[in-house]
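Enquirer:
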Amino acid sequence: MTHWIDNLITPLAKREEENLYRYRNTVDSPQGAVISIAGRDYINFSSNDYLGLANHPDVVSRFQTAIKDYGAGAGASHLVVGHQLPHHNLEKALAEFTGRDRALVFSSGYMANLGILSGLLSKGDAVIQDKLNHASLIDGARLSSANFLRFRHNDLEHLEVQLEKTTECPRKILAVDGVFSMDGDMSPLKDLSSICKKYDAALMVDDAHGFGWLGENGAGISEHFDLDQDDLPILMGTLGKAIGVAGAFVAGSNALIESLIQLSRSYIYTTALPPACAEAILQSLKVNKDEPQRRAHLKTLIDYFKEKTANLNFQFLPSSSAIQALVVGDNSRALALSERLMEEGMMISAIRPPTVPAESARLRITLSAAHTFSQLDQLIQVLEDCQP
Ligand SMILES: *Cc1c(COP(=O)(O)O)cnc(C)c1O
Numbered sequence: 051m052t053h054w055i056d057n058l059i060t061p062l063a064k065r066e067e068e069n070l071y072r073y074r075n076t077v078d079s080p081q082g083a084v085i086s087i088a089g090r091d092y093i094n095f096s097s098n099d100y101l102g103l104a105n106h107p108d109v110v111s112r113f114q115t116a117i118k119d120y121g122a123g124a125g126a127s128h129l130v131v132g133h134q135l136p137h138h139n140l141e142k143a144l145a146e147f148t149g150r151d152r153a154l155v156f157s158s159g160y161m162a163n164l165g166i167l168s169g170l171l172s173k174g175d176a177v178i179q180d181k182l183n184h185a186s187l188i189d190g191a192r193l194s195s196a197n198f199l200r201f202r203h204n205d206l207e208h209l210e211v212q213l214e215k216t217t218e219c220p221r222k223i224l225a226v227d228g229v230f231s232m233d234g235d236m237s238p239l240k241d242l243s244s245i246c247k248k249y250d251a252a253l254m255v256d257d258a259h260g261f262g263w264l265g266e267n268g269a270g271i272s273e274h275f276d277l278d279q280d281d282l283p284i285l286m287g288t289l290g291k292a293i294g295v296a297g298a299f300v301a302g303s304n305a306l307i308e309s310l311i312q313l314s315r316s317y318i319y320t321t322a323l324p325p326a327c328a329e330a331i332l333q334s335l336k337v338n339k340d341e342p343q344r345r346a347h348l349k350t351l352i353d354y355f356k357e358k359t360a361n362l363n364f365q366f367l368p369s370s371s372a373i374q375a376l377v378v379g380d381n382s383r384a385l386a387l388s389e390r391l392m393e394e395g396m397m398i399s400a401i402r403p404p405t406v407p408a409e410s411a412r413l414r415i416t417l418s419a420a421h422t423f424s425q426l427d428q429l430i431q432v433l434e435d436c437q438p
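Below, the structure is given as structure tokens:
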């Protein structure tokens, strides 16, 4: 009998047959409105670099000088000797920016979500999540061993039905994406905040896709909905998307942050983010503050794109964010459309199950302040030509 490890190829072949196989493109340029893959240029409508900061000259040059100041790596975890002055200053800046008492920097958003949920909850507690939440929130709930309940996407009635089942649980967290990563719509956070107060649950929002550009100052979803620390006690955001570098944070009360420092295993048992990254993030936050025209341009592009695509014979999901999802349904059709767009010089990846529900394969178009109107016009023209 062959050992299972020698037979790994069989399920892979099945994946390929179902058009579910994932291939990676190797990008041979920096991130930007145009990227190069295998020597060919593509207009990039797939990245989460919403403000075009990933290759901003000031951010890049601060990264370089910070390496001279602090070296390449942190060398240890935060609780040993890896917590350096740049991390400390970044935490202070993030707390101030989000209007929270404190912030804690994690090495990635995935790890932050695992660490928050598993650090705060244990057996007998409850976590309630929207069906369309990001995988990292789902994995965090599983890791916590708390009771895990899910409610239909943005369905407040169903949410209350689920909350009713948790009355015996001592600690409850309602966790949602602020902006849904594959759909682009938002959670009704004002309503969720009131419902949380009614059921004595803590609201947690993953602001991976809002932090940096949503709200007057770009402070993200909490600024957009005007939710303070009392309304939204657990605010998580990422630093590798609109902020253009890497890492993530959680912001909230002093007691929340201290609890996570003590209990969050994905914070404790990992090497701290390179300190130069923290300096580059600080620089990126400064550029974002000094150049509000980036956020304004992105918002204009979103409106322009929605207006120009409204009459196309394609199903776009309702979204006022930088994520515009064109739902195709069938996996092979989504792949074919993505390939056609590549032929035309546009990079828009097809998103398939299990990342999205079955029969809802889609092209996830992301807009960025780095795009020009002319680049958007090119996309709109190609979409017009590809309509079914
Ligand atoms: C990207 C993303 C994460 C993970 O963040 P990383 O820093 O990339 O690990 C978490 N939540 C959501 C909603 C995301 O889109």
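Mapped onto the numbering used here, the consecutive letters of the sequence shown carry residue numbers 51 to 438. Just so you know, even glycine gets a beta-carbon here, dropped at the ideal spot from N, CA and C.
(1) Can you tell me whether DSSP reads I398 as helix, strand or coil?
(2) State yes or no: is the C-beta of I284 within less than 8 Å of the C-beta of V300?
(3) Name the one or two DSSP bridge partners that D180 has.
(4) Can you check whether the CB of F366 is closer than 8 Å to the CB of Q46?
(5) Given this structure, state the Cα-to-Cα distance separating A143 from Q333, to the nearest angstrom.
(6) Following a CB-centred definition, is Y160 positioned closer than 7 Å to any heavy atom of ligand 1?
(7) Find out if the Cβ-Cβ distance for the pair D94, I85 is shorter than 8 Å.
(8) Would you call the stretch 252-270 in contact with the stretch 328-345, where contact means no fewer than 3 C-beta pairs closer than 8 Å?
(9) Relative to the C-alpha of F275, which residue among L413, P238, V211, P80 is closest?
(10) Alpha carbons only, please: which of V377, P403, G302 is nearest the one belonging to L154?
(11) Do the CB positions of T505 and L199 come within less than 8 Å of each other?
(12) What are the boundary residues of the beta strand (DSSP E) that includes A145?
(13) Starting from the N-terminal side, write out each stretch of the alpha helix (DSSP H) that is 4 residues or longer and does not extend beyond the stretch 329-397.
(14) What are the boundary residues of the beta strand (DSSP E) that M286 is part of?
(15) The alpha helix (DSSP H) with N304 in it runs from where to where?
(16) Name the DSSP beta bridge partners of V300, please?
(17) Who are the Cβ neighbours of F201 in its own chain at under 8 Å, not counting the five residues just before and after it?
(18) Can you tell me the Cβ-Cβ gap for L101 and A419, rounded? I've got them flagged as a contact below 8 Å.
(19) Three-state secondary structure (DSSP) at T115?
(20) Among the candidates I352, R221, M232, G260, whose CA atom is the shortest distance from the CA of L253?
(21) Which residues share a DSSP beta bridge with K222?
(22) Can you list, in chain order, the residues of its chain whose CB lies under 6 Å from that of F113, leaving out five sequence neighbours each side?
(23) Do you know how far the Cα of F230 is from the Cα of G287?
(24) Tell me which residues share the same chain as D278 and place their Cβ nearer than 6 Å to its Cβ, disregarding the 5 neighbours each side in the sequence.
(25) When the distance is taken between beta carbons, is S172 closer than 8 Å to S195?
(26) Using the Cβ count rule (16 or more neighbours within 10 Å means buried), how would you classify R65?
(27) Once DSSP output is grouped into helix, strand and coil, what is the label at R414?
(28) Within 8 Å, do at least three Cβ pairs link the stretch 351-360 to the stretch 383-393?
(29) Apply the 10 Å Cβ neighbour rule to D257 and answer buried if 16 or more other Cβ atoms are within range, or exposed otherwise.
(30) Check whether the Cβ atoms of A372 and R412 lie closer than 8 Å to each other.
(31) With a Cβ-Cβ cutoff of 8 Å, do I415 and I430 count as a contact?
(32) Would you mind working out which of L417, F423, M396 sits nearest V432, comparing C-alpha positions?
Expert: Put simply:
(1) Against the sequence shown, residue 398 aligns to sequence position 348. Coil at I398, not helix or strand.
(2) Indexing the sequence shown from 1 puts residue 284 at position 234. Indexing the sequence shown from 1 puts residue 300 at position 250. Yes.
(3) In the sequence shown, residue 180 corresponds to position 130, counting from 1. Per DSSP, the beta bridge partners of D180 are F201.
(4) Look at the range of the chain in this structure, 51 to 438, and you will see that residue 46 is not part of it.
(5) Translated into positions along the sequence shown, residue 143 becomes position 93. Translated into positions along the sequence shown, residue 333 becomes position 283. Their Cα atoms are separated by approximately 11 Å.
(6) Stepping through the sequence shown from its first residue, residue 160 is reached at position 110. Relative to ligand 1, the beta carbon of Y160 is positioned inside 7 Å of a heavy atom.
(7) Taking the sequence shown and counting its residues from 1, one reaches residue 94 at position 44. Taking the sequence shown and counting its residues from 1, one reaches residue 85 at position 35. This sequence places Asn at residue 94; Asp is not what is there. Yes, the Cβ-Cβ distance between N94 and I85 is below 8 Å.
(8) yes
(9) Position 225 of the sequence shown, counting from 1, holds the residue named residue 275. Selected option, being the one with the closest Cα: P238.
(10) As a first step, residue 154 must be located in the sequence shown, where it is residue number 104. The option with the nearest alpha carbon to L154 is G302.
(11) Nothing in the structure corresponds to residue 505, since the chain is present only between 51 and 438.
(12) Within the sequence shown, residue 145 is the residue found at index 95, counting from 1. Not the beta strand (DSSP E): A145 falls in the alpha helix (DSSP H), residues 135-148.
(13) Annotation: the stretch 329-397 contains the following complete segments of the alpha helix (DSSP H) (minimum length 4 residues), in chain order: 342-359, 381-393.
(14) Taking the sequence shown and counting its residues from 1, the one referred to as residue 286 is at position 236. The continuous beta strand (DSSP E) containing M286 extends over residues 284-288.
(15) Locating residue 304 in the sequence shown gives position 254, where the first residue counts as 1. 304-313 is the extent of the alpha helix (DSSP H) around N304.
(16) For this step, residue 300 is matched to residue 250 along the sequence shown. Note: V300 sits in a beta bridge opposite L154, M286.
(17) Counting from one through the sequence shown, the residue named residue 201 turns up at place 151. Cβ neighbours of F201 beyond the five flanking positions: I178, Q179, D180, K181, H208, L209, V211, Q212.
(18) Numbered from its first residue, the sequence shown carries residue 101 at position 51. Numbered from its first residue, the sequence shown carries residue 419 at position 369. Their Cβ separation, rounded to whole angstroms, is 5 Å, which keeps L101 and A419 in contact under 8 Å.
(19) By one-based count along the sequence shown, residue 115 stands at place 65. The answer is helix: DSSP assigns T115 an H, G or I state.
(20) Looking up residue 253 in the sequence shown gives position 203. When each option's Cα is compared against that of L253, the closest is R221.
(21) Position 172 of the sequence shown, counted from the start, is the residue given in the question as residue 222. BP columns for K222 point to A176.
(22) Locating residue 113 in the sequence shown gives position 63, counting from the first residue. Hits under 6 Å: A326, A330.
(23) Position 237 of the sequence shown, counting from 1, holds the residue named residue 287. Position 180 of the sequence shown, counting from 1, holds the residue named residue 230. Cα to Cα, G287 sits roughly 13 Å from F230.
(24) In the sequence shown, the residue the question calls residue 278 occupies position 228. Excluding residues within five positions, none has a Cβ falling inside 6 Å.
(25) Indexing the sequence shown from 1 puts residue 195 at position 145. Indexing the sequence shown from 1 puts residue 172 at position 122. Yes.
(26) To locate residue 65, count along the sequence shown from 1; it is residue 15. R65 is exposed by the Cβ-count criterion.
(27) The residue you call residue 414 lines up with position 364 of the sequence shown. R414 falls in the strand class under three-state DSSP.
(28) no
(29) Position 207 of the sequence shown holds residue 257. Buried, because 16 or more other Cβ atoms sit within 10 Å of the Cβ of D257.
(30) Along the sequence shown, one-based indexing puts residue 372 at 322. Along the sequence shown, one-based indexing puts residue 412 at 362. In this structure, R412 does not lie closer than 8 Å to A372 by Cβ.
(31) Within the sequence shown, the letter at position 365 stands for residue 415. Within the sequence shown, the letter at position 380 stands for residue 430. Contact: no.
(32) Position 382 of the sequence shown, counting from 1, holds the residue named residue 432. Nearest C-alpha to V432: M396.
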